Each structure stands twice: as structure tokens, then as C-alpha cells.
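Residue numbers (the working numbering), protein chains in the order written: chain L, 569 to 884; chain H, 23 to 320.
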């Protein structure tokens, strides 16, 4: 017979109670934390959705907490009419998708140049790119506005037509031009991400391509871009979403033409609703209408997005 | 005539210039020239005349009036700097914590990740934040009341507890403030979580294995391996958070209003330059402090 101490020793060795309890406690804490944070993130969204379906009667009814008693789509109708939803929606889609694609092209090209095709002064240029992230957009706001208000390519237009520049305010050109020259919304960040990613791809791959007779362009399109798919997905999602939500550049360049974010700002004024609580309820519906397309998109894209994040490998 | 053919390196350099040419063009036209012009405007007053505008040099009049006559600017500037100083450390700590949490294996991890990145999509705009506040202000009578009350109560009890355990009131205020603003912090740390998570993925597992064999606990391996390995990313995130919190606050509203409602372009440009100098100073100080502690593996 073994002594009790030996049994205890065997028990500890086989089941390892201390480590198990530690693991269990940590699992519980982690679950609570994750659920808590998820709740904090999702709660306002659920509240918005719940409020959006409420009718006017339900606002002052304290017994209505989550499920509206008088289910209605009236709010959506009023909010859509007040904000000219469909035209604004179309404008937003045009701007977001065109800038996303164009700045993807210009940013990847520039980033590849910074990562592999070094030229004289590329270091300084890259520092300037980082500088564009740091400089607040307000600093260059007025000159930028005036640049597009009297748009002129180094005086060429004045030379040929005699007019003092073109007025590009209230057209989509400011967005397309900024995206095409990699100076759009947060493009410095995208260049940075791509540069880091391209630098992470082994040089041997490119050398092999060179030995097999591929030129720089071919290497870029056939080797580098397919390898950079995770970074591309991340940046595509970011640039689309940020352009969609942006109200700063949009209100700077578009005074008459309305997109979703600016029409939302004007909605409160246009409603002419005497009850402030109901107004804020309609505004809430408007916010929901603005982000709804993004939410639907995110539902489909999130799987690729979350996976791609793991492989993006952004490092300092 | 023989011309020496270009070496591969030279050829690549020319391709580089070609690839970066849109950027170079945009950099000059949409960044450097506007920056210079903006500085020029800040030293002058702009008058709208027919078919354009006139720039009259005025010296530092705009800057002096900013700090002597203007009632809003100094206050707003100080406020936004204070908010930044309070928020950025919280954002960094929270996002590192969340990234470490999301990096572990547990059931429902894809779902949790999807939820944690949701703020990147929802709350990256100024409008979303604006409307939450306006809604809470207006709609609290009907709906938010119960929630609000319990939130205040909780952090009150928490602060009592911490005060009794002997922490200094400043720290207690900071922590309870953080708890109260948890939504604001979570919603502005989406990108940072993402950057940290990508960094955590790139730490080689063999380091953890070795430390485990040597008998390190999870706590130790966090401070001795994970933390030093992500310090470069802390620097990146610091810069990103500072610029990000500064890109959506009261002072930007003030600058835009001065330009497009009061039509005082010169004053607005001066404001933005003072603001830019503040941002630059804070960035320089914090990067200078942090970068000495940063550990590079290779």
C-alpha cells in the first residue's frame, strides 16, 4: 500500500489542481471582460435600432424599454424625406467607391516605390508622407479650398481660356484629384501600411521574378499585389468607411450637393418638428440610415477583414 | 556613339520616380504649396474682391489678437490639449489590453473580434459622436434615464472603495473618469487594437515556449516578452492616437467656423498654425520620451 502522501502526490501530478483552477478563473474573467466590452460596443447600436421603430406615442411611455409597443416605420419615412435619402445615398456611393479604388492604385504604387524602388530623395519624400498624417487638415483647409475654387494647373488653364481657373467646388473632382495624387483622406496611413507590408515580402521572390524575365511592372502586378491581399482588404475597408463617414472634406468641397453625412447635419433644421425629443428620435433614425449600408457591408466583409488583420503585419 | 546602359539599380530608381510621380505631384500641389500659403495667410488679412481675393500683409496681428481679443480660442485650445493628455494613455492601455485578450484562443473569438472592430466603422465620424450626445441630451427623459443613474452610482461606489484603500484622489478621479467614458475610449481605439493585434501575431511563439520551459508565469512572460516586443507599436499607436484625437475636437470646429461663417480667413489660418504647433510640440515631447524606451528585436 502507498501512503496517503504518495496518493496526494499522484493526484497533484495527474490533475494539477492549482494550474487548472488558475486556468478556469482566467477563463471566467476573460469571458466576463469580453462580453462586457462587447455589450458596451453593441448597446448604443441596439438602443438606436429599438428607438428607430418606436412611434411618437411610445416616447413618453415609461413601460416601453426595448420592444416598441406601437411598431412603426414612420420615422424612417420622415427621415428619408427630410434628408433626400436616395440622392444623398447615390452621391455617397459614387464618392466613396471612386476614391477608394483610385487611392488604392496611387497608394500602392507610391508605397512600392518607397519599399523597393528607392530613388534619390525618396527618404525625404517618405518623411513628408508621415508629415501629412501629423499636420491637422485644418492647417491647409483654406488654401486647399481656394485651390479647388480657382483650380488651375500651374497657370495653364488661364493661358488657354483666359478665365481665372475653374470652379471645382460642388463637383466630385476635388475628391478624385486628391485620391489620384494620394493626398486624400488619411492616405499617408495607407501608404505607410503598404510600405511596411511590401517590405515584409522576401526579396528572393522578386529576384526570382527578375531572373524569369519579369519587368518591374509585371513584378508589381503579378507578384507584389497578389501577395498583399490582406493589406489591400484592410485598406479597402478603411478607406471606403472613412470616406463614407467623413463630414469634414465633404462639407468643405460640396456646398450644394448633399451626401449622407452632410444631409444628416442639415436634417435637424429641415424637420420643423416642435417636439425636441421627437426631433432627436428622427435624427437617431437618420444616423441609423447613414450607417446601415456600412453595417450590411461589414456583415459580409468582416470574416475576410478579421482574417486579413492577422496577416497584415503592420510593424513600427 | 555608345551610351553606357543603365544599371538595374538606376533603372529601378527611375521606375520608382514613375511610380511615385502622382504622389510627388499631389504632395507639391495639395500639401506643400497650401502649407506655405496658409502660413502666408496667417500673417495677413484676406479680402474677397470680384473674381478672387486680395492678400494684405499685416504682420503678427492675427496671432496677437488670437491671444488678446479672442474669447474662445485659448480656452478651447487648452481644453482640447487636456482632453488629449487624459485620453491618449487610456486609449493605448485599453487597446493593448484588448489586443492581448483577443489574441488568446477562446470560443467565439471571431465574433468578439468582429464586434471589437465595429467601432472603426461606426464611430470614426464626428457625426456619430455628435448625435449620440444630442440624443442622450434630448431623449434621456424617456429612455436613457435608468442607465444613466446606475452608471453614476457604480463609479461612485468604486471611487469610495478606492479612496478608502488609500489611493490619491487624482488617480481615483482618473480611473473613475475612464470608467465613465468607456464608450468613448473603446470607440476611438479600433485602429489601435488592430495594429497591436497584428504586432502580437508577429511575435515568434518560440520565445514563449522557451520562457515557459524556464518556468515563467503568464504574467512574467507578458512583461518580459509581449510588452517589449510591442513597444515599437506603442510608438506608432501613440502618434496615431494623438493625431486622431486632435482631428475631431472642438478646436477644429472653431477653426472651420472662423473661416466659413465669420469669413476671417487670416485669423483662422493663424489659429490652425498655433494648433499645429501645439500638436507638433506634444508629438515631439511624447515621441522623444517613449522612443528611448522602445526595444527593437533585430
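Where a beta carbon is used, it is the ideal one built from N, C-alpha and C, also for glycine.
Being a predicted model, the structure only gives us computed values, none of them experimental.
Given this structure, state the Cα-to-Cα distance separating residue i from residue j, to the nearest angstrom.
i	j	result
residue 850 (chain L)	residue 223 (chain H)	43 Å
residue 758 (chain L)	residue 186 (chain H)	48 Å
residue 861 (chain L)	residue 835 (chain L)	19 Å
residue 713 (chain L)	residue 102 (chain H)	25 Å
residue 166 (chain H)	residue 844 (chain L)	Caution applies to residue 166 (chain H), whose pLDDT of 37 falls short of 50 and renders its modelled position unreliable; the value that the coordinates give is listed next. Their backbone Cα atoms lie some 15 Å apart in a straight line.
residue 656 (chain L)	residue 704 (chain L)	27 Å
residue 286 (chain H)	residue 717 (chain L)	17 Å
residue 847 (chain L)	residue 855 (chain L)	12 Å
residue 216 (chain H)	residue 201 (chain H)	22 Å
residue 669 (chain L)	residue 815 (chain L)	20 Å
residue 161 (chain H)	residue 627 (chain L)	Note that residue 161 (chain H) has pLDDT 38, beneath the 50 cutoff, so the model's placement of it is unreliable and no number is given.
residue 172 (chain H)	residue 136 (chain H)	Unreliable positioning characterises residue 172 (chain H) in this predicted model, as indicated by a pLDDT of 40, which lies under 50. The coordinate reading is nonetheless provided below. Whole-angstrom Cα-Cα distance: 28 Å.
residue 787 (chain L)	residue 246 (chain H)	41 Å
residue 253 (chain H)	residue 243 (chain H)	15 Å
residue 213 (chain H)	residue 226 (chain H)	23 Å
residue 262 (chain H)	residue 311 (chain H)	16 Å
residue 33 (chain H)	residue 685 (chain L)	9 Å
residue 745 (chain L)	residue 767 (chain L)	28 Å
residue 593 (chain L)	residue 824 (chain L)	59 Å
residue 865 (chain L)	residue 607 (chain L)	21 Å
residue 734 (chain L)	residue 62 (chain H)	23 Å
residue 701 (chain L)	residue 590 (chain L)	44 Å
residue 40 (chain H)	residue 675 (chain L)	13 Å
residue 874 (chain L)	residue 571 (chain L)	54 Å
residue 777 (chain L)	residue 791 (chain L)	8 Å
residue 95 (chain H)	residue 276 (chain H)	8 Å
residue 121 (chain H)	residue 803 (chain L)	19 Å
residue 163 (chain H)	residue 183 (chain H)	In this prediction, residue 163 (chain H) scores a pLDDT of 35, lower than 50, which makes its location untrustworthy; the coordinate-derived value is nonetheless stated afterwards. Whole-angstrom Cα-Cα distance: 31 Å.
residue 218 (chain H)	residue 707 (chain L)	30 Å
residue 280 (chain H)	residue 305 (chain H)	26 Å
residue 343 (chain H)	residue 753 (chain L)	Only positions 23 to 320 of chain H appear in the structure, and residue 343 (chain H) is not among them; the question remains open.
residue 77 (chain H)	residue 84 (chain H)	13 Å
residue 810 (chain L)	residue 60 (chain H)	25 Å
residue 140 (chain H)	residue 237 (chain H)	38 Å
residue 325 (chain H)	residue 272 (chain H)	Outside the modelled stretch of chain H, which goes from 23 to 320, sits residue 325 (chain H), for which no answer is possible.
residue 260 (chain H)	residue 110 (chain H)	7 Å
residue 128 (chain H)	residue 605 (chain L)	15 Å
residue 6 (chain H)	residue 609 (chain L)	As shown, chain H starts at 23 and ends at 320. That puts residue 6 (chain H) outside it, with no answer to give.
residue 67 (chain H)	residue 673 (chain L)	39 Å
residue 584 (chain L)	residue 234 (chain H)	16 Å
Report, in whole angstroms, the separation of the C-beta atoms of residue i and residue j, which I expect to be a contact under 8 Å.
i	j	result
residue 649 (chain L)	residue 623 (chain L)	No, residue 649 (chain L) and residue 623 (chain L) are not in contact; Cβ-Cβ is about 17 Å, not under 8 Å.
residue 255 (chain H)	residue 313 (chain H)	Not a contact, Cβ separation roughly 13 Å.
residue 297 (chain H)	residue 57 (chain H)	Going by Cβ atoms, the distance from residue 297 (chain H) to residue 57 (chain H) rounds to 14 Å, so no, they are not a contact pair.
residue 709 (chain L)	residue 820 (chain L)	7 Å
residue 682 (chain L)	residue 699 (chain L)	About 14 Å; that fails the 8 Å criterion.
residue 831 (chain L)	residue 652 (chain L)	6 Å
residue 113 (chain H)	residue 207 (chain H)	6 Å
residue 209 (chain H)	residue 266 (chain H)	The pair is not a contact, with the Cβ atoms about 11 Å apart (cut-off 8 Å).
residue 181 (chain H)	residue 192 (chain H)	The pair is not a contact, with the Cβ atoms about 12 Å apart (cut-off 8 Å).
residue 220 (chain H)	residue 88 (chain H)	41 Å between Cβ atoms; not a contact.
If you follow the alpha helix (DSSP H) that residue i is in, where does it begin and where does it stop?
i	result
residue 659 (chain L)	653-683
residue 599 (chain L)	585-620
residue 38 (chain H)	30-49
residue 97 (chain H)	95-125
residue 202 (chain H)	191-202
residue 570 (chain L)	Unbroken run through residue 570 (chain L): none, as it is neither H nor E.
residue 251 (chain H)	249-269
residue 764 (chain L)	755-768
residue 142 (chain H)	140-144
residue 223 (chain H)	212-223
residue 741 (chain L)	741-748
residue 645 (chain L)	642-650
residue 779 (chain L)	771-779
Under 7 Å (Cβ pairs) to chain L, residues found in the segment 200-226 of chain H:
For the segment 200-226 of chain H, which is checked against every Cβ of chain L, the residues closer than 7 Å are 204, 205, 208, 216, 217, 219, 220, 221, 223 and 224.
Sequence ranges, alpha helix (DSSP H) only - wholly within the segment 271-301 of chain H, length at least 4:
Here the runs fully enclosed are 272-282.
Pull out every residue of the segment 727-759 of chain L whose Cβ sits closer than 7 Å to any Cβ of chain H, in chain order.
With the criterion set as a beta carbon lying under 7 Å from some beta carbon of chain H, the members of the segment 727-759 of chain L are 732, 746, 748, 749, 750 and 751, in sequence order.
Near-chain H residues of the segment 663-681 of chain L - C-beta to any C-beta below 7 Å
Result list: 674, 677, 678, 680 and 681.
Using a Cβ cut-off of 7 Å, which residues of the segment 30-45 of chain H contact any Cβ in chain L, in chain order?
Flagged, chain order: 34, 35, 37, 38, 39, 41, 42, 44 and 45.
Counting only runs of 4+ residues fully inside the segment 800-838 of chain L, write out the alpha helix (DSSP H) ranges in chain order.
Complete alpha helix (DSSP H) runs here, min 4: 816-821 and 828-838.
Interface residues of the segment 263-275 of chain H facing chain L [CB-CB below 9 Å]:
Across the segment 263-275 of chain H, CB contacts with chain L closer than 9 Å involve 264, 265, 268, 269, 270, 273 and 274, in sequence order along the chain.
So if I threshold CB-CB distances at 7 Å, which residues from the segment 631-655 of chain L count as touching chain H?
Against chain H - using a Cβ distance shorter than 7 Å - the segment 631-655 of chain L contributes no residues.
To be precise: take each residue of the segment 84-113 of chain H, compare its Cβ to all Cβ atoms of chain L, and keep it if any distance is under 8 Å. Which residues remain?
Against chain L - using a Cβ distance shorter than 8 Å - the segment 84-113 of chain H contributes no residues.
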